[in-house]
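Engineer: Structure below; questions to follow.
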Amino acid sequence: MAERDHCPQSFAIGHSTSSEDIAAVKNLFQAYTKWLNLDLTFQGFADELASLPGKYALPKGALLLARSTATTEAIGCVALRPLGSDGCCEMKRLYVSPDGRGLGLGKALAEAVIDEARRMGYKAIRLDTLPSMGAARALYKGLGFVEIDAYYESLLEGTIYLELEL
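Here the working numbering is used: the sequence shown runs in plain steps of one and ends on residue 166.
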């Protein structure tokens, strides 16, 4: 895993390639949904977990995992998948565990997945978020994301759709 400039002594972000990495991402995804306190059945979440890396697989997707450089504990993740055929992709499941918070890891993961999207040649990256996720929304705004019309129908009331042109 390559270390990022943000906190070079605190964490390393890399592609999830081993079965150990995939298991760690699965655990973080489950912690994410527990933290959200939402049922993501309508998004096919159980199938997503069972088939990881699934739609996040290289070469058109990415499944990034952050580990503590001190303990090697998995402390954050983010995923990228293609969206249709219009050159857009989608950022999914950005999550930082309680042990990884306060290190700038959320921003580092978001920047890493944006870099991946650019490297893969996507023209824009989209995501959805909720009104209750104020810190995430502030992060996305700071990275240049702008609100757009819905690009899919969500069953979650108040879903906010964002896009960053690459």
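Where a beta carbon is used, it is the ideal one built from N, C-alpha and C, also for glycine.
From a predicted model like this one, the values you see are computed outputs, not experimental measurements.
Measuring only the C-alpha atoms, how far is T115 from E157?
Structural biologist: For the purposes of this step, residue 115 is identified with residue 115 of the sequence shown, where counting begins at 1. For the purposes of this step, residue 157 is identified with residue 157 of the sequence shown, where counting begins at 1. A small fix is needed here, since residue 115 is Asp in this sequence, not Thr. Looking at the two C-alpha atoms, the distance is approximately 30 angstroms.
Engineer: Relative to the C-alpha of Q30, which residue among A12, I13, F11, L52 is closest?
Structural biologist: For the purposes of this step, residue 30 is identified with residue 30 of the sequence shown, where counting begins at 1. Of the candidates A12, I13, F11, L52, the one whose C-alpha sits nearest the C-alpha of Q30 is L52.
Engineer: Contact check, R67 vs A12 under 8 angstroms by CB: the rounded distance?
Structural biologist: As a working mapping, residue 67 is identified with position 67 in the sequence shown. As a working mapping, residue 12 is identified with position 12 in the sequence shown. Indeed, because the Cβ distance is near 6 angstroms, the residues count as touching under 8 angstroms.
Engineer: What residue from L83, A108, N27, K141 has the CA that sits closest to L49's CA?
Structural biologist: The count along the sequence shown starts at 1 and reaches residue 49 at position 49. Here the closest residue by C-alpha is N27.
Engineer: Are the CB atoms of E165 and I148 nearer to each other than 8 angstroms?
Structural biologist: Taking the sequence shown and counting its residues from 1, the one referred to as residue 165 is at position 165. Taking the sequence shown and counting its residues from 1, the one referred to as residue 148 is at position 148. No, they are not a contact pair.
Engineer: A2 to L143, Cα distance in whole Å?
Structural biologist: Here residue 2 refers to the residue found at position 2 of the sequence shown. Here residue 143 refers to the residue found at position 143 of the sequence shown. Residue confidence for A2 is low, a pLDDT of 42 falling below 50, so the modelled location carries little weight; the figure read from the coordinates is stated next. In a straight line, the C-alpha of A2 is about 21 angstroms away from that of L143.
Engineer: Helix or strand or just coil, what does DSSP make of A2?
Structural biologist: Taking the sequence shown and counting its residues from 1, one reaches residue 2 at position 2. Because A2 carries a pLDDT of 42, less than 50, the predicted location of this residue cannot be relied on, and no value is offered for it.
Engineer: In whole angstroms, what is the alpha-carbon distance linking T33 and L127?
Structural biologist: Mapped onto the sequence shown, residue 33 falls at position 33. Mapped onto the sequence shown, residue 127 falls at position 127. Their backbone Cα atoms lie some 16 angstroms apart in a straight line.
Engineer: Just list the residues that DSSP pairs K92 with in beta bridges.
Structural biologist: Position 92 of the sequence shown, counted from the start, is the residue given in the question as residue 92. Answer is A79, bridged to K92.
Engineer: Drop a sphere of 10 angstroms on the beta-carbon of A135, count the other beta-carbons inside from all chains shown, and report buried for 16 or more, exposed for fewer.
Structural biologist: Here residue 135 corresponds to residue number 135 of the sequence shown, with the count starting at 1. The residue in question, A135, is exposed, as its Cβ has fewer than 16 Cβ neighbours within 10 Å.
Engineer: Under 8 angstroms, do A62 and H15 count as touching if we go by C-beta distance?
Structural biologist: Taking the first residue of the sequence shown as 1, we reach residue 62 at position 62. Taking the first residue of the sequence shown as 1, we reach residue 15 at position 15. Taking 8 angstroms as the Cβ cut-off, A62 and H15 qualify as a contacting pair.
Engineer: My output table needs one value for C7: the three-state DSSP class, helix, strand or coil.
Structural biologist: The residue given as residue 7 occupies position 7 in the sequence shown. Confidence in C7 is poor, its pLDDT being 47 and thus under 50, which makes the residue's placement unreliable; the coordinate value appears in the next sentence. Looking at C7 - three-state DSSP - the assignment turns out to be coil, as it is neither helix nor strand.
Engineer: Runs of 3 residues minimum, wholly inside the stretch 108–148: which ones carry the beta strand (DSSP E) assignment?
Structural biologist: 124–129, 146–148
Engineer: Relative to the C-alpha of L167, which candidate in S154, A150, L64, D47 has its C-alpha closest?
Structural biologist: Because the chain is modelled from 1 through 166, residue 167 falls outside the range shown and cannot be assessed.
Engineer: Answer yes or no: do C89 and R81 have a C-beta to C-beta separation smaller than 8 angstroms?
Structural biologist: Within the sequence shown, the letter at position 89 stands for residue 89. Within the sequence shown, the letter at position 81 stands for residue 81. Yes. Within cutoff.
Engineer: Starting from Y203, follow the beta strand (DSSP E) in both directions and report where the run begins and ends.
Structural biologist: Residue 203 falls outside the range modelled here, since the chain spans only 1 to 166, and no answer is possible.
Engineer: For D99, which residues of its own chain have a beta-carbon under 6 angstroms away from its beta-carbon, when the five flanking residues on both sides are left out?
Structural biologist: In the sequence shown, residue 99 corresponds to position 99, counting from 1. I75.
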